[in-house]
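Step one of this worksheet: look at the structure below.
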Amino acid sequence: MNTFLSSILLALCAIAAVPSILATPLEKRDNFSNSCSDISISASGDLTATCLAAVGSLRSTISLNNCVGNNNGDLTAGFSGFTSSCTNIRLINGVDLTAQCTSASGIVVGSQLNLDTFVDNNNGQLAC
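Mapping of the sequence shown onto mature numbering (1 follows the signal peptide of the UniProt record, and there is no 0): residues -23 to -1, 1 to 105, in sequence order.
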């Protein structure tokens, strides 16, 4: 009987040490545009949208300048600072970031990047 109680106590301690699924925020959603609406971008690269959350929806803004860079004229996720060398920043269909970016040789190149490949809706908050 002592062994049985010890086993139960050990199991309860293990369960208590693991965070509850209910306490975990909504996991990141792929393709933020599927759960966000009224998507816009500012000239300074701030992406704003109304995104679904666990309860209702939230208006969220994220600076794409922190997660998009200009790699020799190409808009590239995983870098930063694209607004310092890109102009005419726009969105097409709410998901395709377009801009005119200066390459290393000084040539201005049109570039496009699909935001759904790296921007997430994390419980109503935009993240990249």
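Ideal placement from N, C-alpha and C gives every residue a C-beta, glycine not left out. Quick caveat, the model's predicted, so the values are computed rather than measured.
Helix, strand or coil at residue i according to DSSP, with G and I counted as helix
i	result
Asn47	strand
Ile(-3)	The predicted position of Ile(-3) is uncertain, since its pLDDT is 29 and thus under 50; a value taken from the coordinates is nonetheless stated next. Note: Ile(-3) maps to helix in three-state DSSP.
Ser12	coil
Asn42	helix
Leu3	Low confidence applies here, because Leu3 scores a pLDDT of 41, under 50, leaving its location unreliable; read the following figure in that light. Looking at Leu3 - three-state DSSP - the assignment turns out to be coil, as it is neither helix nor strand.
Start-to-end residues for the beta strand (DSSP E) that takes in residue i
i	result
Leu74	Asp73 to Thr79
Asn99	Asp97 to Asn99
Leu103	Gln102 to Ala104
Gly87	Val85 to Asn91
Asn65	Cys63 to Ile69
Ala26	Asp23 to Leu29
Cβ-Cβ separation, residue j to residue i (assumed contact under 8 angstroms), whole Å
i	j	result
Val96	Leu103	6 angstroms
Ser88	Leu52	4 angstroms
Cys78	Asn43	Their Cβ separation, rounded to whole angstroms, is 17 angstroms, which puts Cys78 and Asn43 out of contact at 8 angstroms.
Ile66	Thr60	7 angstroms
Nearest to residue i (by Cα), restricted to the options the options
i	options	result
Asn49	Ala26, Thr94, Asn11 and Val86	Val86
Thr94	Cys105, Gly101, Ser88 and Asn100	Cys105
Ile39	Asp73, Asp23 and Gly58	Asp23
Gly41	Ser82, Phe56 and Asn100	The amino acid occupying residue 41 in the given sequence is Leu; Gly does not appear at that position. Closest option to Leu41, Cα to Cα, is Phe56.
Gly101	Cys28, Ser19, Ser14 and Ser17	Cys28
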